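In this text, residue positions in the sequence shown follow this note's numbering: the first is -4, and each later residue adds one.
We treat Cβ as the ideally placed atom computed from N, Cα and C, and that holds for glycine.
The model shown is predicted, which means the values in this text are computed figures rather than measured ones.
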Amino acid sequence: MSSFSTSHHTLKSNDGREVLISTRAIQQLTTLNNSTETYIHFPNINGATLQLIAEWFEAQEDTQKFIDFSEKIKGLDVYDLLIAANSMGVKTLIDYLFNFMIKKAVVVSEVVSEKMKTDEDKDAIERAIHESINNDNQFSVDII
């Protein structure tokens, strides 16, 4: 089904969820900006992630929606969203997510620094990191 006159497209996720997105938003997707299809299937993206991408485009046009979007993703693991944004070519969302992750890393590092007040704590954490890296190259440190 093709049409240039439609103002919306339907995106279908790998779990069957359908999400409406405007033609203007489609034009911002580097992978789809020339698409005339009104129904587009994404076999590698789940419905919740596809919905977030659609919300991202709405958030670009409304300050309150942008604030709501930012609050919504604070508690999420944004890995799937970043991978989907990359595969769809949503550069503005990729840039936003990288900045979001950098800010989150700074907060985590401040928390870790606060917990490393003594040299003994620092030594214990360094040993745990060293052991984790040497054990099957897996990195995981529990900080209490």
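The C-alpha of L77 lies about 28 Å from the C-alpha of S108.
Below 8 Å, enough C-beta pairs join the region 35 to 52 and the region 71 to 89 to call them touching: three or more. In the structure shown, I40 adopts coil according to DSSP, grouped into three states. The Cβ atoms of L24 and M96 do not sit closer than 7 Å to each other. If you ignore the 5 residues before and after A49, its C-beta comes within less than 8 Å of the C-beta of L6, V14, L15, I16 and A20, all in its own chain and listed in chain order. The residues G42, in chain order, have a CB closer than 6 Å to that of R12 in the same chain once the five nearest residues on each side in sequence are set aside.
Looking at H4, Q22 and D63, the one whose alpha-carbon comes closest to that of V85 is Q22. Non-local beta-carbon contacts of Y34 in its own chain, meaning distances under 8 Å to residues more than five positions away in sequence, involve M(-4), H4, T5 and K7 in chain order.
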